[in-house]
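Chains as they are written, first to last, in the UniProt record's numbering: chain A, 1 to 351; chain B, 1 to 351. Each remark here refers to the structure printed beneath this line.
There are 2 protein chains.
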Amino acid sequence: MDREIPKLAKKIKLADVAEAVGVSAITVSRVLRKPELVSESVRLRVTEAVARLGYVPDPAARALASARTDVLGVLIPSVTNNVFSSVLRGIYNRVEGLPFNIQLGNTRYSVLEEERLLDVFLRQRPSGLIVSGIDQSARSKALLRQADCPIVQIMEIGDDPVDMMVGLSHRDAAGAAIRHLQARGYRRIAFLGARMDPRTRSRLVGYEQVMKEIGLLDERLIVTTPRASTVTLGCELLIELLSRTTEVDAVFCNNDDLAIGVLFECQRRRISVPDDFGICGFNDLEMMAVANPPLTSVRTNREEMGRRAIEMLIARIAGEPIDEPVVDLGFEIVARHSTAGLRPREARRRP
Amino acid sequence: MDREIPKLAKKIKLADVAEAVGVSAITVSRVLRKPELVSESVRLRVTEAVARLGYVPDPAARALASARTDVLGVLIPSVTNNVFSSVLRGIYNRVEGLPFNIQLGNTRYSVLEEERLLDVFLRQRPSGLIVSGIDQSARSKALLRQADCPIVQIMEIGDDPVDMMVGLSHRDAAGAAIRHLQARGYRRIAFLGARMDPRTRSRLVGYEQVMKEIGLLDERLIVTTPRASTVTLGCELLIELLSRTTEVDAVFCNNDDLAIGVLFECQRRRISVPDDFGICGFNDLEMMAVANPPLTSVRTNREEMGRRAIEMLIARIAGEPIDEPVVDLGFEIVARHSTAGLRPREARRRP
DNA sequence: TTGTAAGCGTTATCAT
DNA sequence: ATGATAACGCTTACAA
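So this is what it looks like as structure tokens:
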């Protein structure tokens, strides 16, 4: 690593600051971490010297000596997925200005990678940890339970938190979407699902429950794939659905990308939305409101989820008691024109 | 942090393994890092003991003793932006299986935050660093030049790499897009730009150069905003543009989100694409190919960019010489129906 | 309120 | 090929 730029002046350490001020190293350390334990005069002189010399603590030395870091670990299954981007935004926004650093791990929907990263992260003795989902492997759960830092599971909620949880019931959210479609007069309501991760499966369960309740469940209306969801896939799944049966008058898409794809494909096939066909997405991405027509979706509070997760962590780090270890952030059906209801005269798509 | 689960058995350290095998700690350390320096018999016994005891090195102790970590730092301005998600995917894919860990920093398009994170990251003595863009502040550049690890600037290319670069010329890419529109018969070509980060500005320069060259530059056709780009903003910018002048027959959007918004707004206004109005985006997101009509865009090799950046880092870490410190990944105009050309009869939009 | 001494777990250096 | 010893820079525990 030879660069033409001269090396930095030798790195300033605690001892250098201590010497400059004429106190011991531990006093400088205290000024930095627990200033209230140090007399004002000393504190001021130390603070001044720290600034003047440009001292900054070595995180590795700190971690080694204190068995603690200022890292908040965050494990998510995808960096590409909009849903997690939003959560991350909430996390980064909330942590700004706090003395913590986010360490992001990308599990890529792989159980093994999640276990590996959990291992890597925990070994660094983070101040807190955020993990996605509630369906960790047995090994992951064991690691989490042994961790000596607060942990928040996000995205979903359930009965058996490793420590804390903040999320929503995807089953209920999907169920509510189906009831919305039903209330608007749609009957033959299909389910399009991609990726089929635990949350998608929960939504499918919610769909099936409600469809069964209202006596409309038909397996042919359920089209799923393990492939990652994309707009293109939305088109393809609609085509697959219509090839199975033309007796469909609405579709609940497991997420908004699929819904946009379905919309484009409907436009191409001159299927009128919502007159002949209703479309409901999930997540309520920004673009849903300005599509043509605007698309109904299920709003989830993803930024809020990230924010709350951080707040729960820092509360626990500060030793505050947590009244609610499991926080349900709920959801909201954002009804737009795409599910305004079938055309009065005849509730059947044109071929 | 009181949990009901019993604490882990006391953490195994180097000395424990050494004792179990009957060698010294440093020998165990060597087996882990430079096995070729240790005799086979000892190596085998040590390896066995490491596995049996479940020993794993403490990263903080390692970092403190060796002044080096296995961290590859990555600084990006946004976790929400599709462009960076793709780059990240390339990075994570390429680094999989290698003995490095990605540490992600989110600068949120803030110079100050970039400087702060650079500071935080460099203090951890990473094995390598990837930073976004080539327009770092003077202070950031100074920090980078003093770093004693390899560094890759990604997204753009320029004359003065801090160390290495991999990206493309956004000016040329935008210029090529404009020439494409011109070749298809469009004349009154507008520019819609959001965020106005350095790359967006480069694209604007490319647009202006080519428009001037072909004698078509008209300031009224340039609509920009500092707001982050969204599909909604695409609609709004088109509305703003049309309120300034109806003498427009095509639009180059600074990115695909804007282009999708423009498309939806055109659909609403019954502006026929491409007959009355051409649309070209930038980045070639997956959805462009299946929009209605499919939208022309400029493909950039974002995953490849991430991959190459990692490869350049590990080559340098391995001490290999770099033949090309600045890698131009180029771009490609992906022509689709949205720029098929104006309707033969009359090259004017309907009101 | 401040300081002393003893690690924290690993690796660099120098011996053997 | 292997080992003894001294860092690495900080914090904990205890003392004064």
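Backbone N, C-alpha and C define an ideal beta-carbon position, used for all residues, glycine too.
Listing by chain order, which chain A residues have their CB less than 9 Å from the CB of residue i?
| i | result |
| --- | --- |
| ALA63(B) | ASP58, PRO59, ALA60, ALA61, ALA63, LEU64 |
| THR80(B) | ASN82, SER85, SER86, LEU88, ARG89 |
Buried or exposed for residue i, going by 16 or more other Cβ atoms inside 10 Å?
| i | result |
| --- | --- |
| THR300(A) | buried |
| ASP58(A) | buried |
| GLY234(B) | buried |
| THR230(A) | buried |
| VAL111(B) | exposed |
| GLU40(A) | exposed |
| GLU114(B) | buried |
| GLN146(B) | exposed |
| GLY90(B) | buried |
| LEU37(A) | exposed |
| GLY306(B) | buried |
| GLU320(B) | exposed |
| SER169(B) | buried |
Given residue i, which residues of its chain have a CB within under 8 Å of its CB, disregarding the five upstream and five downstream residues?
| i | result |
| --- | --- |
| ARG343(B) | SER272, ASP275, ASP276 |
| ASP256(B) | ASN82, GLY281, PHE282, ASN283, ASP284, LEU285, MET287, MET288, LEU295, SER297 |
| THR339(A) | HIS180, LEU181, ARG184, TYR186, ALA250, PRO274, GLY278, ILE279, CYS280, THR296 |
| ARG336(B) | MET288, ALA289, PRO293, PRO294, LEU295, THR296, SER297 |
| LEU238(A) | LEU192, VAL251, GLY261, VAL262, GLU265, CYS266 |
| GLN209(A) | ARG171, GLY175 |
| ALA15(A) | ALA25 |
Going along chain B, which residues have a C-beta under 9 Å from residue i?
| i | result |
| --- | --- |
| ALA309(A) | Near ALA309(A) there are no residues of chain B at all, since even the closest Cβ is about 15 Å away, more than 9 Å. |
Grab me the residues of residue i's own chain with a C-beta within less than 7 Å of its C-beta, minus the 5 sequence neighbours each way, in chain order.
| i | result |
| --- | --- |
| PHE317(B) | In the sequence as displayed, the identity of residue 317(B) is Ile instead of Phe. Result list for ILE317(B): SER127, GLY128, PRO150, in chain order. |
| GLU311(A) | ARG94 |
| PRO35(A) | ARG43 |
| TYR109(A) | PRO77, SER78, ASP197 |
| ALA20(B) | ALA49, LEU53 |
| THR232(B) | GLY261 |
I'd like the list of long-range same chain contacts for residue i, defined as Cβ closer than 6 Å, with 5 residues on each side in sequence excluded.
| i | result |
| --- | --- |
| ALA18(A) | SER24, ALA25, VAL28 |
| LEU221(A) | ALA190 |
| VAL326(A) | ILE157, PRO161, MET165 |
| PRO226(A) | MET196 |
| ILE76(A) | PHE84, SER132 |
| THR245(A) | ARG220 |
| LEU144(A) | ILE151, VAL162 |
| ALA173(A) | VAL298, PHE331 |
| TYR55(A) | ILE12, VAL17 |
| VAL248(B) | ARG188, ALA190 |
For a contact defined as C-beta to C-beta under 7 Å, what are the partners of residue i on chain B?
| i | result |
| --- | --- |
| GLY261(A) | VAL290 |
| LEU104(A) | LEU104 |
| MET165(A) | Result: empty, since nearest Cβ-Cβ is about 15 Å, beyond 7 Å. |
| PHE264(A) | VAL290, ALA291, ASN292 |
| CYS235(A) | VAL290 |
| VAL120(A) | ASN101 |
| ARG268(A) | ASN292 |
Name the chain A residues whose beta carbon is nearer than 8 Å to that of residue i?
| i | result |
| --- | --- |
| GLN124(B) | PRO59, ALA60 |
| PHE100(B) | Correct list: empty, because the minimum Cβ distance to chain A is about 11 Å. |
| THR232(B) | GLU286, MET287, ALA289, VAL290 |
In chain B, which residues lie with their C-beta within 8 Å of the C-beta of residue i?
| i | result |
| --- | --- |
| ARG108(A) | TYR92 |
| PHE191(A) | What PHE191(A) touches in chain B: nothing, since even the nearest Cβ is about 21 Å away. |
Per DSSP, residue i forms a beta bridge with which residues?
| i | result |
| --- | --- |
| LEU129(A) | GLY73(A), ILE151(A) |
| ALA190(A) | VAL251(A) |
| CYS280(A) | PHE252(A), THR296(A) |
| PHE331(A) | THR300(A) |
| GLY105(A) | LEU75(A) |
| GLY167(B) | MET155(B), ASP328(B) |
| VAL273(B) | DSSP, once it has assigned bridges, lists no residue as partnering VAL273(B). |
| VAL223(B) | LEU192(B) |
If residue i sits next to residue j, beta carbons under 8 Å apart, how far is it from one beta carbon to the other, in whole angstroms?
| i | j | result |
| --- | --- | --- |
| ARG171(B) | GLY215(B) | With 8 Å as the limit, ARG171(B) and GLY215(B) do not qualify as a contact, their Cβ atoms being about 19 Å apart. |
| LEU32(B) | LEU64(A) | About 18 Å separates the two Cβ atoms, so there is no contact after all. |
| GLY97(A) | VAL74(A) | No, GLY97(A) and VAL74(A) are not in contact; Cβ-Cβ is about 17 Å, not under 8 Å. |
| ARG123(A) | THR69(A) | The Cβ separation is near 10 Å, so there is no contact. |
| ASN254(B) | ARG203(B) | 6 Å |
| LEU118(B) | SER86(B) | Not really, about 23 Å apart at Cβ, beyond 8 Å. |
| ILE178(A) | GLN153(A) | Between GLN153(A) and ILE178(A) the Cβ distance is about 26 Å, and since that is not below 8 Å, they are no contact. |
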